Each structure stands twice: as C-alpha cells, then as structure tokens.
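Asks:
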Amino acid sequence: MDGDGVKRVRSTNQPGEVDRISHLPDCLIFKVLLSLPTKEVVKTSTLSTRWNHIWKHVPGLNLEYDDFSEHDSFVSFIDSFLSFNRDTRLHMFKLTYDYSEADEPEPSLVRRLLDTVSRMKVETLDVTDDSAESWELEMTPALYTCGSLVSLKLVGLTLPSPDLVSLPSLKDINLILVEFTDEWALEKFISQCPSLKNLCIERSFGDDIPMLRVRSQSLLTFIHIVDSHESFDDERILEIDAPMLKYLKLSDGRTASFKLEDTASLVGVHINTAFNLTSTRRFCPNDAQKRNMIQNFLLMISRVDNIVIASCTLEVIYEYSRYEQLPVFRNLSSLRVNLDGYVWEMLPVFLESCPNLTTLVLGSIQNHVKVGITVSPRRPRVLPSLKYVEIERPFKGDALEMQLVGYLLVNSQSLKKLTLSLDDSLKKERSVIFNELLLMPRLSSTCEVVVLSDDPYDITNESAYKFVL
Numbered sequence: 001m002d003g004d005g006v007k008r009v010r011s012t013n014q015p016g017e018v019d020r021i022s023h024l025p026d027c028l029i030f031k032v033l034l035s036l037p038t039k040e041v042v043k044t045s046t047l048s049t050r051w052n053h054i055w056k057h058v059p060g061l062n063l064e065y066d067d068f069s070e071h072d073s074f075v076s077f078i079d080s081f082l083s084f085n086r087d088t089r090l091h092m093f094k095l096t097y098d099y100s101e102a103d104e105p106e107p108s109l110v111r112r113l114l115d116t117v118s119r120m121k122v123e124t125l126d127v128t129d130d131s132a133e134s135w136e137l138e139m140t141p142a143l144y145t146c147g148s149l150v151s152l153k154l155v156g157l158t159l160p161s162p163d164l165v166s167l168p169s170l171k172d173i174n175l176i177l178v179e180f181t182d183e184w185a186l187e188k189f190i191s192q193c194p195s196l197k198n199l200c201i202e203r204s205f206g207d208d209i210p211m212l213r214v215r216s217q218s219l220l221t222f223i224h225i226v227d228s229h230e231s232f233d234d235e236r237i238l239e240i241d242a243p244m245l246k247y248l249k250l251s252d253g254r255t256a257s258f259k260l261e262d263t264a265s266l267v268g269v270h271i272n273t274a275f276n277l278t279s280t281r282r283f284c285p286n287d288a289q290k291r292n293m294i295q296n297f298l299l300m301i302s303r304v305d306n307i308v309i310a311s312c313t314l315e316v317i318y319e320y321s322r323y324e325q326l327p328v329f330r331n332l333s334s335l336r337v338n339l340d341g342y343v344w345e346m347l348p349v350f351l352e353s354c355p356n357l358t359t360l361v362l363g364s365i366q367n368h369v370k371v372g373i374t375v376s377p378r379r380p381r382v383l384p385s386l387k388y389v390e391i392e393r394p395f396k397g398d399a400l401e402m403q404l405v406g407y408l409l410v411n412s413q414s415l416k417k418l419t420l421s422l423d424d425s426l427k428k429e430r431s432v433i434f435n436e437l438l439l440m441p442r443l444s445s446t447c448e449v450v451v452l453s454d455d456p457y458d459i460t461n462e463s464a465y466k467f468v469l
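Its first residue numbered 1, the sequence shown is counted upward by one per residue in UniProt numbering.
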C-alpha cells in the first residue's frame with residue numbers, strides 16, 4: 001500500500017474552478033482523514049501535488065492486515081510510517097487482523113507495534129483479532145502506563161493481571177471477547193483509571209472467571225454483555241461499586257448474582273438477565289441466597305428514572321413477587337418492556353410498583369409462542385399517573401393482546417394516548433379489531449386510542465395510516 005500503487009483519480013474541477021478542499025488548513029484535513037481507513041487516506045495522494053505526501057503526516061493509522069498482499073509489505077509500510085512520525089503525538093492507532101488465518105502477523109510483531117505507539121503517546125487505540133478465538137496476544141506492560149491514552153478498544157486479546165497501572169487520561173474502555181488471566185485483572189486495571197467514564201465488557205464464551213469486580217470512583221456508564229446457554233450452571237458473580245454511575249446495561253445470560261453498591265447517582269438501567277435461571281433451573285422460593293440477591297438488586301435500581309427491561313427479567317420479578325413484596329420504584333417515569341412471548345399477565349405486578357410512571361413502551365418482538373408460566377388471578381389496581389402507552393410489537397388483535405389493552409384502558413386514570421401498530425399479516429378483520437377497541441371501557445375520559453397500519457394494500461393515502469378511536 002503506497003501512493004504510487006494507487007490508481008490515479010482524475011480531477012473533477014472544471015478550468016477556473018477553485019479547489020476548496022486543498023485550501024483547507026492542515027489541521028482540518030487531518031481531522032477528516034483520521035476518520036478514514038488508511039488505504040483510503042493513501043489514495044488522496046493522487047488528488048493534487050499538495051496531497052502527494054500529506055497522508056504521511058496524518059497522526060494516525062487505521063489498518064487491516066488483509067489490505068496487504070504480503071506480510072513484508074505490511075511490516076515495511078507500518079514501520080516506515082511510524083518512523084516518519086516518530087516525533088509526532090499519535091492520535092489514533094487501529095489494527096485489525098485474524099489469527100485464524102495462516103499468514104496473519106505474529107504476536108511478537110503486534111506487541112512491538114503496541115510498545116511503539118505507546119511511546120508515541122497514542123490517544124485512541126483499537127486492536128481487533130477478528131477470529132476472537134486464540135487470545136494469543138496479551139496487552140503489553142507499556143500500554144498499562146501510557147499516560148496519553150484516552151480511548152481503548154480490545155477485541156479477542158488477553159488482559160493480564162498488571163503489576164503497575166497508570167492511565168490518568170483513559171476515559172473509554174471497550175473490551176470485547178477479552179480473556180482475563182485471573183479475577184483480579186480487570187479490577188487492578190480500571191481501579192487505576194481515575195478519569196474513566198465509559199466501560200463496556202462483552203465476555204467471551206470460554207470466560208471462566210467466577211467473579212468480576214468493577215470498582216471505579218469516576219465511571220458513568222457500564223455495559224456488561226454475556227451470551228446465554230442452558231448448560232451454564234456455574235454461580236458467576238458480578239460486583240459493581242461505582243458511586244458516580246448514571247447508566248447501567250446488563251444483557252447477561254450467565255451471571256447468577258449481581259451485587260450493586262452505592263447506586264445513588266443511577267438514572268437509567270437496561271436489564272436483560274434471568275440471573276442464570278432457565279427453563280430447567282426455575283426460581284425456587286426456598287433458595288434464600290437467591291431471594292436476598294434479587295431483593296437487594298431491585299432495591300438498588302428502584303430509584304432510577306428510566307428502565308428498559310426484558311421479559312426474562314420480568315418473569316423472575318413476577319415469580320419473586322409471589323413470595324416477597326416488590327420495592328416501590330417511586331422515581332420511575334419511563335418504562336420500556338421488550339417482550340419475548342405472551343407474558344402480558346406478569347406486567348401489572350410490576351406496573352403497580354411504579355406509582356409515578358407516565359410513559360410505557362411495549363417493544364416489538366419476534367417470538368409469539370406462549371410462555372409456560374402460571375399467573376395467579378388477582379384484582380388489578382389503578383395506575384394513577386400513566387399517560388402514554390405505545391405497543392410497538394405487531395398487534396394481531398388476539399385474545400391476550402386485547403386483554404392487555406383492556407387492562408391498560410380500564411385501569412389508567414390519567415391516560416391520554418394509547419398507540420398500537422397493527423400487524424400487516426392480520427388474520428382478524430380490522431373492522432372487528434376497531435369495534436372491540438371502541439367498546440372497551442376507559443377510565444380516562446380524555447384518552448384516545450391511535451391505531452397505526454402498515455398494510456399498503458389497505459391504505460390509499462398517507463393520512464389513512466393513522467386511525468384515532
């Protein structure tokens with residue numbers, strides 16, 4: 001990859017036209033070029049005489065090993081660039097490779113490059129092993145003391161337990177399918193990042209660390225993602241101690257226990273976990289440890305303003321509520337439920353614990369299979385503050401769906417609008433659905449039901465997509 005080996009681009013400027021791009025200051029041109037892959041940046045050398053060598057001065061690299069036909073050409077190019085800019089502060093270094101391929105760069109070469117960019121005071125570092133299955137490359141000691149580093153993304157690497165960490169500028173960490181050498185590796189790492197704001201961890205399939213600890217005095221956003229599998233019966237634990245945390249997302253099919261400390265600053269949560277309970281490992285009321293963990297977890301998130309919750313979590317909450325009283329979510333104003341199957345009957349128990357809820361969104365789903373859960377009959381209570389409801393899922397008008405709409409209409413005394421989207425493959429006539437909706441009693445005299453239709457064959461003009469009942 002070099003300027004001479006790229007097909008020349010004919011100028012599109014007509015005679016007498018001004019080349020406005022070439023008159024931009026270098027700092028602005030560099031900012032634009034930093035957002036492009038390096039192979040595209042090199043091609044700019046054909047645009048004009050001024051651009052012949054400007055790409056060499058761009059303070060960053062964004063390379064894919066596959067962009068080079070030979071290993072030697074990759075090494076030559078990258079060494080030449082780094083040598084040319086050895087006295088330059090490197091804004092960005094991004095490298096993507098695949099260790100599952102036979103001719104990929106050896107770990108020793110990548111380690112050498114990481115040490116070099118650390119000395120060049122790199123600010124944004126992104127290293128990705130697309131195979132995400134070898135974990136041959138470990139984060140080098142030099143990176144643990146790179147004082148200039150602001151943003152770090154590692155994919156498919158190994159994070160060792162460091163002896164020394166000093167990362168005063170690091171604000172964003174994204175660890176995808178990264179292996180930890182022991183349960184202390186992550187805690188040692190992030191505890192010495194005093195400026196850390198955002199942390200995202202997507203754990204690998206083979207990760208067998210039993211306890212992961214996230215302790216940070218500056219962290220604002222934390223995302224933890226783990227795939228689920230029926231065979232995972234280990235009791236994995238996630239501890240979070242981040243007093244400044246404002247947003248928490250847990251999309252976790254394996255962790256059995258979550259321990260949250262000091263969530264006074266927490267504003268929003270996105271919860272998609274069944275606490276490692278499955279169809280074969282159901283909630284057991286005699287499991288005092290699990291009950292106490294769920295109780296503490298709900299208490300720690302009960303002061304947030306905004307919740308996104310999955311139906312698997314809602315099911316656990318419902319089962320728990322049959323034996324213990326739910327905490328009151330007094331500050332909750334907005335709730336989104338991403339439903340997976342027909343679990344409408346579990347919803348009222350949670351809604352009645354949210355006395356100041358104003359907005360409810362029921363997310364679209366793909367699965368229309370009835371969930372095998374027994375819901376005890378009970379008399380629903382009035383929802384005093386709910387004003388807006390949106391049902392995003394394709395609405396078919398079947399009995400369970402109509403029961404949900406009926407429940408919301410007859411129990412929401414402040415409801416202003418309920419919006420639902422009809423499925424474009426309805427088996428039930430629209431007129432029948434509309435008639436049933438019109439006949440449903442409404443506790444709120446000012447409530448309107450808005451029906452949206454996506455069927456292009458049933459609609460003749462744009463305004464007819466919306467029906468207000």
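Note that beta-carbon positions come from the ideal geometry of N, C-alpha and C, so glycine has one too.
Only a predicted model underlies this, so the values are computations on that prediction, with no experimental measurement involved.
(1) Just reading off the alpha helix (DSSP H) that H71 is part of, what are its end residues?
(2) Helix or strand or just coil, what does DSSP make of P160?
(3) In the DSSP assignment, find the unbroken alpha helix (DSSP H) run with K428 in it and report its ends.
(4) At the level of alpha carbons, what is the spacing between I209 and V117?
(5) Going by C-alpha distance, which of L362, S265 and P285 is nearest A310?
(6) Distance, Cα to Cα, K387 vs S191?
(7) Determine whether the beta carbon atoms of P194 and P168 lie at a separation below 8 Å.
(8) Where does V382 land, buried or exposed, given buried means 16+ other C-beta within 10 angstroms?
(9) Kindly confirm or deny that the region 134-141 and the region 150-161 touch, where touching means at least three C-beta pairs closer than 8 Å.
(10) Do the CB positions of S334 and N356 come within less than 8 Å of each other?
(11) In whole angstroms, what is the alpha-carbon distance linking A185 and L152?
(12) Classify F205 as buried or exposed, calling it buried when 16 or more other Cβ atoms lie within 10 Å of its own Cβ.
(13) I need the DSSP call for D172, collapsed to helix, strand or coil.
(14) So, with DSSP's three-state summary, where would you put A310?
(15) Which partner residues does H224 have in the DSSP bridge list?
(16) What do you get for R236, buried or exposed, if any count of 16 or more other CB atoms within 10 angstroms of its CB means buried?
(17) Take S228 and list the residues in its own chain whose beta-carbon comes closer than 7 Å to its own, dropping the five residues that flank it on each side.
(18) Taking the straight line between their C-alpha atoms, what separation do you get for L220 and L250?
(19) Using CA atoms only, rank isn't needed, just tell me which of E183, T280, F77 and M244 is closest to L211.
(20) In the structure shown, what three-state DSSP assignment does S108 receive?
(21) Are the beta-carbon atoms belonging to A242 and F222 less than 8 Å from one another?
(22) With distances taken between CB atoms, is the gap from E202 to L238 smaller than 8 Å?
Replies: So, from the listed chains and residues:
(1) Per DSSP, H71 belongs to the alpha helix (DSSP H) from H71 to F84.
(2) Three-state result, P160: coil.
(3) Boundaries cannot be given for K428, as no alpha helix (DSSP H) includes it and DSSP labels it neither H nor E.
(4) About 30 Å.
(5) Cα-wise, what sits closest to A310 is L362.
(6) Those two C-alpha atoms are separated by around 43 Å.
(7) Judged by their CB atoms, P194 and P168 are nearer to each other than the 8 Å cut-off.
(8) Label assigned to V382: exposed.
(9) Yes, since at least three Cβ pairs between the region 134-141 and the region 150-161 fall closer than 8 Å, the two stretches touch.
(10) With contacts defined by Cβ atoms closer than 8 Å, S334 and N356 do not form a contacting pair.
(11) Here the alpha carbon of A185 sits roughly 16 Å from the alpha carbon of L152.
(12) A residue is called buried when at least 16 other Cβ atoms come within 10 angstroms of its Cβ; F205 does not meet this threshold and is exposed.
(13) In the structure shown, D172 adopts extended strand secondary structure according to DSSP, grouped into three states.
(14) Here DSSP, grouped into helix, strand and coil, assigns A310 to strand.
(15) Answer is I201 and L250, bridged to H224.
(16) Flag for R236 reads buried.
(17) Only G253 and R254 meet the Cβ criterion.
(18) As the crow flies, the alpha-carbon of L220 is around 14 Å from that of L250.
(19) Checking the sequence, you will find Met at residue 211 rather than Leu. Out of E183, T280, F77 and M244, E183 has the C-alpha closest to the C-alpha of M211.
(20) In the displayed model, S108 falls within a helix according to three-state DSSP.
(21) It is a contact, given that the beta carbons lie within the stated cut-off.
(22) In terms of Cβ geometry, E202 and L238 do not form a close pair [threshold 8 Å].
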